[in-house]
Every structure is written in structure tokens, then in C-alpha cells.
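Student: I have a structure I would like to understand better, so I am pasting it below and will then ask my questions one at a time.
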Amino acid sequence: MIRATSLSKSFGRLQAVRDVSFEVTTGSVVGFLGPNGAGKSTTMRMLTGFLSPDAGRVEIGEFGMAEQPLEARSQVGYLPENTPLYGGMRVDDYLEHVAKLRGIARPERARALGRAAERAGLHGMLTRRVRTLSKGYRQRVGLAQALISDPPVLILDEPTSGLDPAEVGRMRSLVRELGTDKTVLLSSHVLGEIEELCARVLILSGGQLVADDSLDALRCGQDSTLILEVRGQLEEVRALLAAQPVLASFDLGPGEREGLLEADLFADSGRVIDDVAVAIAAAVVGAGFGLVRLERRRRTLHEVFLDATRGAAEKASA
Amino acid sequence: MNRFLAVVRREALEPMEGAAFWVAGAVLAVLAHLTFFLVGVPFGARPFPGLFASGFASLDIAFAWAPTILAGLVPALTMGAWAEERRSGTEELLLTWPVSTLALVAGKFCGRLLSLVVLLLAVYLPMVAVVRWLGPLDLGTVFAASVGLLWMSAACVAIATLVSACTRDQLVAFLVSTLALLALLGLGLLARIAPGDLAERLWSASPQAHFLETGARGLVDTGDFVHGAGIVALCLGLTWVKIERRRVG
Numbered sequence: 001m002i003r004a005t006s007l008s009k010s011f012g013r014l015q016a017v018r019d020v021s022f023e024v025t026t027g028s029v030v031g032f033l034g035p036n037g038a039g040k041s042t043t044m045r046m047l048t049g050f051l052s053p054d055a056g057r058v059e060i061g062e063f064g065m066a067e068q069p070l071e072a073r074s075q076v077g078y079l080p081e082n083t084p085l086y087g088g089m090r091v092d093d094y095l096e097h098v099a100k101l102r103g104i105a106r107p108e109r110a111r112a113l114g115r116a117a118e119r120a121g122l123h124g125m126l127t128r129r130v131r132t133l134s135k136g137y138r139q140r141v142g143l144a145q146a147l148i149s150d151p152p153v154l155i156l157d158e159p160t161s162g163l164d165p166a167e168v169g170r171m172r173s174l175v176r177e178l179g180t181d182k183t184v185l186l187s188s189h190v191l192g193e194i195e196e197l198c199a200r201v202l203i204l205s206g207g208q209l210v211a212d213d214s215l216d217a218l219r220c221g222q223d224s225t226l227i228l229e230v231r232g233q234l235e236e237v238r239a240l241l242a243a244q245p246v247l248a249s250f251d252l253g254p255g256e257r258e259g260l261l262e263a264d265l266f267a268d269s270g271r272v273i274d275d276v277a278v279a280i281a282a283a284v285v286g287a288g289f290g291l292v293r294l295e296r297r298r299r300t301l302h303e304v305f306l307d308a309t310r311g312a313a314e315k316a317s318a
Numbered sequence: 001m002n003r004f005l006a007v008v009r010r011e012a013l014e015p016m017e018g019a020a021f022w023v024a025g026a027v028l029a030v031l032a033h034l035t036f037f038l039v040g041v042p043f044g045a046r047p048f049p050g051l052f053a054s055g056f057a058s059l060d061i062a063f064a065w066a067p068t069i070l071a072g073l074v075p076a077l078t079m080g081a082w083a084e085e086r087r088s089g090t091e092e093l094l095l096t097w098p099v100s101t102l103a104l105v106a107g108k109f110c111g112r113l114l115s116l117v118v119l120l121l122a123v124y125l126p127m128v129a130v131v132r133w134l135g136p137l138d139l140g141t142v143f144a145a146s147v148g149l150l151w152m153s154a155a156c157v158a159i160a161t162l163v164s165a166c167t168r169d170q171l172v173a174f175l176v177s178t179l180a181l182l183a184l185l186g187l188g189l190l191a192r193i194a195p196g197d198l199a200e201r202l203w204s205a206s207p208q209a210h211f212l213e214t215g216a217r218g219l220v221d222t223g224d225f226v227h228g229a230g231i232v233a234l235c236l237g238l239t240w241v242k243i244e245r246r247r248v249g
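Each protein sequence line maps, in turn, to chains A and B. Residue numbering for the first sequence follows this note's numbering, starting at 1 and increasing by one per position. Residue numbering for the second sequence follows this note's numbering, starting at 1 and increasing by one per position.
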């Protein structure tokens, strides 16, 4: 479990993170989004104990990062952006070194190293020097060092950046697997990746948390738009929709598929969107039109991201 | 303790991964043998010729040159200790592993000192063997001088480690530490021309007073140990502060 309470951090005059609070529970992969310079890496650095916050608290499991830094840090596996490694070391020596620093006892060490190397897919690479590895393999070494002590919390800063498509797929399935029993905070600029892996998303913009909700809720959001697909005559359907008091307005036209009409329906303000949907369904079916589809409009994560970060940017400039 | 030892091991081996270690080792070997067998100490209050000319079975020449050689050698071995971690970004992982800053600072210091001692032994042991083969060498004096050299090496490594923690550029670390160590040697020279009280203070801070005039001549002086330990404690303390401040940003 990760709990951040009112985290703030400044570098000189630049306030990088402002009053950020959230909690990530065990057994989940949470996406961490934000434009460049939004404060994502700074927040992650505070969560891993690399930076100490100016104000606020970080708790990892039962340990406070300020009070019990070594215990708290031992709970976290961290893969920083750009995967910094000791290039001159052999992969197995490097992982052994990390295992020692993470306090894994000698009898356990070989097993821990083998397990982490296997999970990260480092077969046949253990005797190579780190600096001779490709970007993809370096990333795997970085992941192996994060996994070596089997920590309950993983913080991964853009783990798939710069990887080829096959490696991206491999990394994603590993993250998904890790998310079943660990707490995973995953930062990425690839929104498709977040949609694929995360049930919940945190969006940071201008150093502030501007969204923290399930992906589903964020995509439906405050949007009170329904999408209707119906079989019928254009004018008759238009007349029917115009007569509905639950609608503020609508936008009707021929649909993409032959013989179908498609409409965006904007609910009258103050009405519960589900009630509007029920009323429209009843009206369409009652009038004898063929109801093919009626659903809430879901925004793409891209739209959610742009809306959330634009709002914060406007607030900041105001 | 295991974590501290892991840091020591890593830091002792790390310099050997780079070319600087081997170049520094080769330069040390050439300079040490050149001065010892041929050049001698052609300046100072008590100049003496090289071993071949003097014919004395003694390591005095080697120990007389030690502070100057350390001023170039120690920075070459130590410049990367913190600066390279910072430049390459590995510091971000290092400081998030569950190891105390004290263990990191002390471990880096001990590891680099160990690599220096190994290098010094590799270069000077053959000399000891040659001199002992040539004539009666007083091993007690050599041992006392080696202990003195160890204190001085420790002080030099601690100073260079602190400088390395203050920059992200190895070259800057190298140049600044070399200057700092040479300046320390310069204190002893300044003491000769400075007036009264000041001269005494400069002298008491210089490696001349705590090695060249004592240890290098086979004297074991607790004052030298206190001087060396004081410099080590001060520099490691400041390095600790520097690294902890990095977490503040």
C-alpha cells in the first residue's frame, strides 16, 4: 500500500508538487499520468525516499518514510526513468550487489537472483557486461533489480519507453501479472498502455493532482451525452426526439451503417443520465422504431487527459 | 554490516573497471621506481641521491615522495566515487535502496582506500624486496612508516571523496582534489616563510609535520593518528551532510 498525504516539494522558486494526496491499495496497477514537467517524477522520487518532501507524508505499508526510511524503502522496488545502471558490471554481479544492499541473506541470494532474472527475461545475459546490452535488455536488468527482493510495492517510471513492440508487449504482461498481488504505480506517456493495464488513473498537472478515479468513471465523467442508433425515418425520429422533455438538444443524422440513424443526445441539465436513458429507450421502442444502440458517450483517455490537464493549465495561468 | 561490506567491495573494485586506475597505476609505478632508484630527493633540508648512488638500504626516498605521489594518485582513484553516480543517475537508485547514508559514505571511503592500498602494495612491495635483498633493511622502520602512510592515505581519500560528492563531473573532482592535496603540502612550505604563531599552526596542519618528519622516519606518533582521524571524520561528516542535503533537492 502507498499513501501520500499532502505532499509538496519546491526547487528554489519552482513549486514542483503541490499538496498531492492519494492512496494505492495492494493488488492494483494504478496509472500515473501528466504532461512533461507536471511533477510525476518528483512525486515518484518522494514515494521512493530519494527526495524528502517539504511538507506532507509518505507511507509505504505500515512504515512512514520520514520515521523509518530503511524499512519503508525496503518495501519498494523502483525503476527510474532511463534505467540508470552500473555499466561496467556484469549483470549477475550487479544483481548480486543489489541483493546484498537490499539485505537478502546469502542462502537466499542465488534463488532471489534466479527468480528476478527469470521474471525479467534475462536468460543467457547474466554474464554480459551491462554496458554491452541493448536498451531493451538494460530495461530488463532495471526491472530485475526492482524485483529482486520481491517487494510488495513497485514504482515504475516509464518502463516501456524506447522498447520495441515485442518487448513492450512482454513488459505489459509482466506488469499485469505483478499487479495481481502487488501495489504497482505505473507512469507512462502511452495512454493505450494505461488503458490496457490500469483500472485506476491519477493525473498530475502543474504539480497538482487533477484527477484520481477509476478509468471507467473518468471516461464517463460529468459528460451527460447519450449516443443513440435507431432504425427509422429521419423526420419521424427527429420529431420524436424533439418532443422529449428530458433532452436539452440533440444532433441527428444518417449513421455510418446503412439504414441506421445516429444521434448525440444532450440531457436536460439537472436530470440523472440513467433516467434520461430509460425515458428515451421507452419512447423509441414505444413509437415502433428499432432501437439498435443507446449508451453513454465515453470519452477516450486521451480526451480525459487533455481536459484534465487543460483545466489545470488554465487555472495556473489565471 | 553486510550492506556496508557490499558497498566497500563495490567501491574497491569500481576504479578497476575504468582506464584511469590502470593509467594511474602505471604512472605511479614508473614515478616511484624512477625517484627511488635514480632521482632520490634532490631538494629540501636533507637532499639525498637515488638508491643506486647512495647505496643505503633504506626506503626513505620512497616515503619522502609519498605525499606528492598521493596528491595525484588519490584523486584519480576517488574522483568517480560520488560524481559518477550523480552524472549517470545511478545515485537515484543507490539512495532508494535500504542502506543508510552513513553506510554508503563510510563504505565508499573504505572501498576507495582499499583499492589505493592494493595499488601501493603492488608498487612498493617489490621495492621492499629489492632493498632487503641488497642490504640490511630495518623492517620496524618500514612498518612504522607504512602505518604513517596509511593514516595520510586515509586523510587524502577522505578529502577527495568529499570533493567528489560536491560535483557531477569527474574531471572537476580530479582537478579540485589534486589542488586541495597539493595545497595541503604547500602548508608545510608556507610554514617556513610565515611569521611565528601562524607558522606553527600551518606546520601543525601539514602532512610534513604528521608524516614526513615522523612516520616517514619510522616514528609512530599518536598525534599523527589523531590528525589523520580528525581529517577523515571531518570530511566524511561533511560528505554525509552533502548527500543528505541531496534528498532535500
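Glycine included, C-beta positions come from ideal geometry on N, C-alpha and C.
(1) Buried or exposed for G37 of chain A, going by 16 or more other Cβ atoms inside 10 Å?
(2) If we call anything under 7 Å between Cβ atoms a contact, is M1 of chain A one with G61 of chain A?
(3) Given a cut-off of 7 Å on the beta-carbon distance, is the pair S187 of chain A and R247 of chain B in contact?
(4) With burial defined as no fewer than 16 other Cβ atoms inside 10 Å of the residue's Cβ, what is the status of W133 of chain B: buried or exposed?
(5) What does Y86 of chain A reach in chain B if we use C-beta pairs closer than 7 Å?
(6) Please decide whether L143 of chain A counts as near chain B, where near means a Cβ-Cβ distance under 7 Å.
(7) Taking contact to mean at least 3 C-beta pairs separated by less than 8 Å, is the region 70 to 82 of chain B in contact with the region 160 to 175 of chain B?
(8) By how many angstroms is the C-alpha of R231 of chain A removed from the C-alpha of P151 of chain A?
(9) In the structure shown, what three-state DSSP assignment does Y94 of chain A receive?
(10) Suppose the cutoff is 7 Å on Cβ atoms and the five residues either side in sequence are ignored; what does the same chain contact list for A154 of chain B look like?
(11) For R128 of chain A, which residues in chain B fall below 8 Å Cβ to Cβ?
(12) Please report how far the alpha carbon of A287 of chain A lies from the alpha carbon of Q15 of chain A, in whole angstroms.
(13) So is G142 of chain A buried or exposed if we call it buried at 16+ other beta carbons inside 10 Å?
(14) Out of A:D164, A:D264, A:T225 and A:S149, state which residue places its alpha-carbon closest to the alpha-carbon of R138 of chain A.
(15) Would you say S52 of chain A faces chain B, with C-beta separation under 7 Å as the test?
(16) Could you list which residues in chain A have their beta carbon closer than 8 Å to that of W97 of chain B, in chain order?
(17) Quick check on Y94 of chain A - is its C-beta less than 7 Å from some C-beta in chain B?
(18) Could you tell me the distance, in whole angstroms, from the CA atom of V130 of chain B to the CA atom of I243 of chain B?
(19) For the structure I just gave you, are there three or more beta carbon pairs, one from the region 132 to 148 of chain B and one from the region 35 to 50 of chain B, closer than 8 Å?
(20) Using a threshold of 7 Å, state whether the C-beta atoms of L202 of chain A and V175 of chain A are closer than that.
(21) Can we count D150 of chain A as close to the ligand MN, meaning its CB is less than 6 Å from some heavy atom?
(22) Along the chain, where does the beta strand (DSSP E) containing Y137 of chain A start, and where does it finish?
(23) Taking only the alpha-carbon atoms, compute the straight-line gap between V23 of chain B and V98 of chain A and give it to the nearest angstrom.
(24) Which runs of the alpha helix (DSSP H), 4 residues or longer, sit entirely within the region 122 to 202 of chain B?
(25) Check the Cβ of E17 of chain B against every Cβ in chain A and list those closer than 8 Å, keeping chain order.
Tutor: According to the structure data:
(1) Burial call: exposed.
(2) M1 of chain A is a Cβ neighbour of G61 of chain A, given a cutoff of 7 Å.
(3) It is not a contact, given that the beta carbons lie outside the stated cut-off.
(4) Within 10 angstroms of the beta-carbon of W133 of chain B lie fewer than 16 other beta-carbons, which makes it exposed.
(5) Contact note: Y86 of chain A reaches chain B through T90, using a C-beta cutoff of 7 Å and chain order.
(6) No, L143 of chain A lies away from the interface with chain B (no Cβ there is under 7 Å from its Cβ).
(7) The answer is yes - the region 160 to 175 of chain B touches the region 70 to 82 of chain B, with three or more Cβ pairs under 8 Å.
(8) Rounded to the nearest angstrom, the two C-alpha atoms are 56 Å apart.
(9) For Y94 of chain A, the three-state secondary structure derived from DSSP is helix.
(10) Cβ neighbours of A154 of chain B beyond the five flanking positions: L113, G228 and V232.
(11) Here the premise fails: no neighbours, minimum Cβ distance about 14 Å.
(12) Distance between A287 of chain A and Q15 of chain A, taken at the CA atoms: about 59 Å.
(13) Around the CB of G142 of chain A, 16 or more other CB atoms lie within 10 Å, so the residue is classed as buried.
(14) Looking at A:D164, A:D264, A:T225 and A:S149, the one whose alpha-carbon comes closest to that of R138 of chain A is A:D164.
(15) Taking CB atoms only, S52 of chain A has a neighbour in chain B less than 7 Å away.
(16) Against chain A, a Cβ distance below 8 Å from W97 of chain B picks out R73, V98, L101 and R102.
(17) Not one chain B Cβ lies under 7 Å of Y94 of chain A.
(18) Rounded to whole angstroms, the gap between the alpha carbons of V130 of chain B and I243 of chain B is 45 Å.
(19) Output reads no: the region 35 to 50 of chain B does not touch the region 132 to 148 of chain B.
(20) No.
(21) With respect to small molecules bound, the structure shown includes none, and the ligand MN cannot be examined in it.
(22) Note, Y137 of chain A: premise wrong, no beta strand (DSSP E); alpha helix (DSSP H) at K135 to L147.
(23) Rounded to the nearest whole angstrom, the C-alpha separation of V23 of chain B and V98 of chain A is 29 Å.
(24) The alpha helix (DSSP H) runs of length 4 or more contained entirely in the region 122 to 202 of chain B are, from start to end of the chain, 139 to 165 and 170 to 193.
(25) By Cβ distance, chain A contributes G88 and M89.
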